[in-house]
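Enquirer: Supplied in structure tokens, the structure appears directly below.
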Amino acid sequence: MRGEPVCIGIALTGEAIQVVTRAGGREIGQGLFPATAIGTAALLSYLTDWQAPLRLAVATAGAAALGLALAIGAQHDREVFLVSAQAVHVVSDLARYAERAI
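Counting in this note's numbering, the sequence shown runs from 1021 upward without gaps.
Structure below.
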């Protein structure tokens, strides 16, 4: 992998995919995508736009979240960390998990 990784927390919450992005030890962005095929495609486009290695922490609260984790982790420069949704209070916790745990 090249450069400093960008750490992204992702949670599938009902009808939305919530995203928090961290780099350099600080939060640099938040996003919200619909939990639909179009929303997943938009999330994949968002992830592809980063020109850095990605560390993704995905809250797993069911089969849909697991499928999302598999879909977004397919690139060679991405590491995916699955986190129990019960262990996460807010989506920004996931991005911090990606910074520390992987």
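Glycine included, each C-beta is placed from N, C-alpha and C at the ideal position.
All values reported here derive from a predicted model rather than from experimental measurement.
(1) For S1112, collect the residues of the same chain with a Cβ closer than 7 Å to its Cβ; drop the 5 residues on either side in sequence, then sort them by chain order.
(2) Any chance the segment 1051-1059 sits against the segment 1067-1083, with 3 or more Cβ pairs inside 8 Å?
(3) Below 8 Å on the Cβ atoms is my guess for L1114 versus A1031; work out the distance and round it to an integer in Å.
(4) Who are the Cβ neighbours of C1027 in its own chain at under 6 Å, not counting the five residues just before and after it?
(5) Once DSSP output is grouped into helix, strand and coil, what is the label at E1119?
Expert: Quick look at the numbers:
(1) Stepping through the sequence shown from its first residue, residue 1112 is reached at position 92. G1029, V1040 and E1047, listed in sequence order.
(2) No contact exists between the segment 1051-1059 and the segment 1067-1083.
(3) Position 94 of the sequence shown, counting from 1, holds the residue named residue 1114. Position 11 of the sequence shown, counting from 1, holds the residue named residue 1031. Contact between L1114 and A1031 holds: CB atoms are separated by about 6 Å, below the 8 Å threshold.
(4) Stepping through the sequence shown from its first residue, residue 1027 is reached at position 7. Counting only Cβ-Cβ distances below 6 Å, and skipping sequence neighbours, we find R1042, R1075, A1115, A1118 and E1119.
(5) As a first step, residue 1119 is located in the sequence shown; it is residue number 99 there, counting from the start. Correct three-state label for E1119: helix.
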